[in-house]
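Colleague: In this note's numbering, the protein residues as written are 3 to 180. First the structure, which I've put down as structure tokens, then a few questions once you've had a look.
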């Protein structure tokens, strides 16, 4: 995929006087996130129960409707246990980042997202054991209501996921016009 290898996707979005400060791609690995602490046990229970349901229905000779009813639940369970990690790895292979002196440009598959430096929210950096990091800008989906934090299911923020050269990225973000 030459398009991603040479970062040419960013060229049409550069304005006069704009220069590239950093470019890179997410690394492989680090597919498990903080929210997986709850998601992994839940997904195993979901998938296990759905498979148990389906096997019980099929072996008991119940009507075919009950087996068909269980198939989507097994499919969702398998996605939650395995598929989401495979999807994340697939998307990361098709993702590239460019930081200019005015904005961040992210190509993710066929989608281009941009975050203007003048509108950039505060950044939160999570550094992994291997030295890579995820730099997240904006709303993470976790909200506080009263004294309790809850996950509202949305992830409206913008992130540079699983990147190396964290110090160079921080320098590029500091040099960005705001």
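All residues carry an ideal CB built from backbone N, CA and C; glycine is no exception.
Who does residue 165 pair with in a DSSP beta bridge?
Modeller: 135, per the DSSP bridge assignment.
Colleague: Around the Cβ of residue 34, are there at least 16 other Cβ atoms within 10 angstroms (buried) or fewer (exposed)?
Modeller: exposed
Colleague: Is it buried or exposed, residue 3, if we count other Cβ atoms within 10 angstroms and call 16 or more buried?
Modeller: Model confidence at residue 3 stands at a pLDDT of 44, short of 50, so the residue's coordinates are unreliable; what they give is reported in the following sentence. It is exposed - the Cβ of residue 3 has fewer than 16 other Cβ atoms within 10 Å.
Colleague: Put residue 41 into one of helix, strand or coil per three-state DSSP.
Modeller: helix
Colleague: Could you pull the start and end residues of the beta strand (DSSP E) that residue 108 belongs to?
Modeller: 105-110
Colleague: Can you give me the Cβ contacts of residue 90 inside the same chain, cut-off strictly under 8 Å, excluding the 5 residues immediately before and after it?
Modeller: 33
Colleague: Can you tell which of 168, 25 and 74 has the C-alpha that lies nearest to the C-alpha of residue 8?
Modeller: Per the Cα distances, 25.
Colleague: Using alpha carbons as the reference points, say which of 48, 56 and 108 lies closest to residue 137.
Modeller: Nearest option by C-alpha distance: 108.
Colleague: Taking the beta strand (DSSP E) that residue 25 falls in, what are its first and last residues?
Modeller: 22-26
Colleague: With 8 Å as the threshold, decide whether the Cβ of residue 62 is near any Cβ in chain D.
Modeller: You won't find chain D in this structure, because it holds only one protein chain.
Colleague: Following the continuous alpha helix (DSSP H) through residue 91, name the residue where it begins and the one where it ends.
Modeller: 86-95
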